[in-house]
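Data block below; observations after.
Laid out in structure tokens, this is it:
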């Protein structure tokens, strides 16, 4: 799990999840972009320094060329790290899916992150200090369409906002927004 911190100028800061796919590349959501982006790897409690943490600046961000900020379609971005991460017990890469892999309704997957627990609220303090993980059941297509007016099942899964969607130890998606 990666903690992605971006700065877009005066007082505009974002914090997002992400995940290491190679020792020098992190995948995250495109809406997490900014002028200056830093990635923290190996963190459990993001509010304090831990011996396992590696803080690495991002050299270049590659958002999907068709990312749409309004609909959140193609909300995916690859971050090239300035330095390679040191892989160890706390910092590991996660496998990406093969082209024929597909998440099926009823399959149990996991999401993790340091994000908000309820949509719509803007807390003044960090809501969860420790990394949270919850098992989710993939919803059926009609329920997702009912919840999200712009839902497109060919490119989106609906679930909890946070970081990577992991099924059977393979990253199957990046959670970009949702209702809790």
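Numbering (full-length UniProt numbering), first residue to last: 1 to 180. Backbone N, C-alpha and C fix where the C-beta goes; we use that ideal spot for every residue, glycine too.
Cβ-Cβ distance between residue i and residue j below 8 Å
{"i": "residue 95", "j": "residue 24", "result": "no"}
{"i": "residue 17", "j": "residue 112", "result": "yes"}
{"i": "residue 79", "j": "residue 40", "result": "no"}
{"i": "residue 34", "j": "residue 15", "result": "no"}
Cα-Cα separation between residue i and residue j, rounded to whole angstroms
{"i": "residue 53", "j": "residue 43", "result": "5 Å"}
{"i": "residue 106", "j": "residue 173", "result": "16 Å"}
{"i": "residue 74", "j": "residue 67", "result": "5 Å"}
{"i": "residue 56", "j": "residue 83", "result": "7 Å"}
{"i": "residue 165", "j": "residue 47", "result": "23 Å"}
{"i": "residue 59", "j": "residue 70", "result": "26 Å"}
{"i": "residue 103", "j": "residue 167", "result": "8 Å"}
{"i": "residue 90", "j": "residue 45", "result": "12 Å"}
{"i": "residue 76", "j": "residue 61", "result": "11 Å"}
{"i": "residue 108", "j": "residue 98", "result": "18 Å"}
{"i": "residue 93", "j": "residue 1", "result": "9 Å"}
{"i": "residue 110", "j": "residue 13", "result": "26 Å"}
{"i": "residue 72", "j": "residue 163", "result": "15 Å"}
{"i": "residue 87", "j": "residue 142", "result": "41 Å"}
{"i": "residue 101", "j": "residue 19", "result": "19 Å"}
{"i": "residue 175", "j": "residue 38", "result": "19 Å"}
{"i": "residue 124", "j": "residue 32", "result": "In this predicted model, residue 124 has a pLDDT of only 29, less than 50, meaning its place in the structure is not dependable enough to derive any value."}
Nearest-angstrom beta carbon gap, residue j and residue i [assumed within contact, 8 Å]
{"i": "residue 36", "j": "residue 6", "result": "7 Å"}
{"i": "residue 4", "j": "residue 26", "result": "7 Å"}
{"i": "residue 64", "j": "residue 30", "result": "6 Å"}
Proximity test, Cβ basis, 8 Å: residue i and chain B
{"i": "residue 71", "result": "Judged by its chain identifiers, the structure shown contains no chain B, having just a single protein chain."}
Within the stretch 27-75, ranges of the alpha helix (DSSP H) (whole runs, at least 4 residues): none
Completely contained beta strand (DSSP E) runs for the stretch 1-26, where each covers 3 or more residues: 2-7 and 13-22
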